[in-house]
Amino acid sequence: ELIMTTAATAKIIKLAGSSNPPSLVALYGSTLGERKNAMSDLQNDLFGAGLSIIDFNARRYLSENDLSQPLVQQIVTELKSNTDTTGATADLVNRINESAAAAISTHLTSENRIELIHQFDSSMKKLSAISLQKKPLVILVQGMERAPTGAFMAISDFIANYLNIHKFMFIVSVGEDLLKNELNSSNTNMAPDEFLEDIFSSVVTFDETAPTTPEPIPELNNDDLFAPPVGL
Numbered sequence: 001e002l003i004m005t006t007a008a009t010a011k012i013i014k015l016a017g018s019s020n021p022p023s024l025v026a027l028y029g030s031t032l033g034e035r036k037n038a039m040s041d042l043q044n045d046l047f048g049a050g051l052s053i054i055d056f057n058a059r060r061y062l063s064e065n066d067l068s069q070p071l072v073q074q075i076v077t078e079l080k081s082n083t084d085t086t087g088a089t090a091d092l093v094n095r096i097n098e099s100a101a102a103a104i105s106t107h108l109t110s111e112n113r114i115e116l117i118h119q120f121d122s123s124m125k126k127l128s129a130i131s132l133q134k135k136p137l138v139i140l141v142q143g144m145e146r147a148p149t150g151a152f153m154a155i156s157d158f159i160a161n162y163l164n165i166h167k168f169m170f171i172v173s174v175g176e177d178l179l180k181n182e183l184n185s186s187n188t189n190m191a192p193d194e195f196l197e198d199i200f201s202s203v204v205t206f207d208e209t210a211p212t213t214p215e216p217i218p219e220l221n222n223d224d225l226f227a228p229p230v231g232l
């Protein structure tokens, strides 16, 4: 099991170090304990490589009806911490905050909703472009096992539809039972594999074959992707 976890995490680390990291990765299958260990290893390894990491754990927000809003707030907080606070940055944050809820709203007119979604999209892209220069922002999403039925599909759809932004790399932990339960409770006739292929840009399972020798964390020759900030 240890070898399989190492192989799965090694594959994700390699994806994170590529010149164009996938925006939405599923860490799929095995046991909850294995996935938690793999996510912890990923957090340590990627942080050690100089990347900014957000650990979004749904267990902290079980009282929330909708997980997309705390997720947006965590991302905005991280992006703000990477930038000099200017009037332009503050304006972008305000525009994100006032438009974020429109993405999942059911009571706005379609015209207002489209306008607000465009505002959210353009403001988030501008803020991320200012904040993230060369290195991706890695967002780990886990703890969905205790969330209400439907929460996993809702947050996955939200990320795929509204946070598919250059330099964002989401890694979402999902078990087979959780996914089957969500699909059975929804109106979709999709099989688990079809859902994963539809939503995620890359699916990593624990059946990955282990590399014969541990792969070093990849570095880009010219981009210096993983160079730690000067002074550290």
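Quick note on numbering: full-length UniProt numbering labels position 200 of the sequence shown as 200, and the sequence is numbered without any gaps. Ideal Cβ placement from N, Cα and C applies to all residues, glycine included. This structure is a prediction, so every number in the text was calculated from the model and none was measured.
Reference E176, options A191, M169, N164, closest by Cα: Considering only alpha carbons, the answer is A191.
Residues in the same chain with beta-carbon distance under 8 Å from D198, minus the five sequence neighbours each way, listed in chain order, please. Closer than 8 Å at the Cβ level, and outside the excluded window around D198, lie M190.
Going by C-alpha distance, which of L62, P136, R59 is nearest N20? That would be P136, whose Cα lies nearest to the Cα of N20.
Contact check, V141 vs Y28, beta carbons under 9 Å: No; because the gap between Cβ atoms is not below 9 Å, this pair is not in contact.
Determine whether the beta carbon atoms of A154 and S18 lie at a separation below 9 Å. Not a contact, by the Cβ cut-off of 9 Å.
Quick one: complete alpha helix (DSSP H) runs, 4+ long, within the segment 35-85? Correct list: 68-81.
Classify M124 as helix, strand or coil using the three-state DSSP reduction. Note: M124 maps to helix in three-state DSSP.
Identify every residue that forms a DSSP beta bridge with Q142. Bridge partners of Q142: N57.
Quick one: what does DSSP say E1 is sitting in, helix, strand or coil? Its pLDDT being 47, under 50, E1 is placed unreliably by the model, and nothing is read from it.
So what's F170 in DSSP terms, helix, strand or just coil? Taken through DSSP and simplified to helix, strand or coil, F170 comes out as strand.
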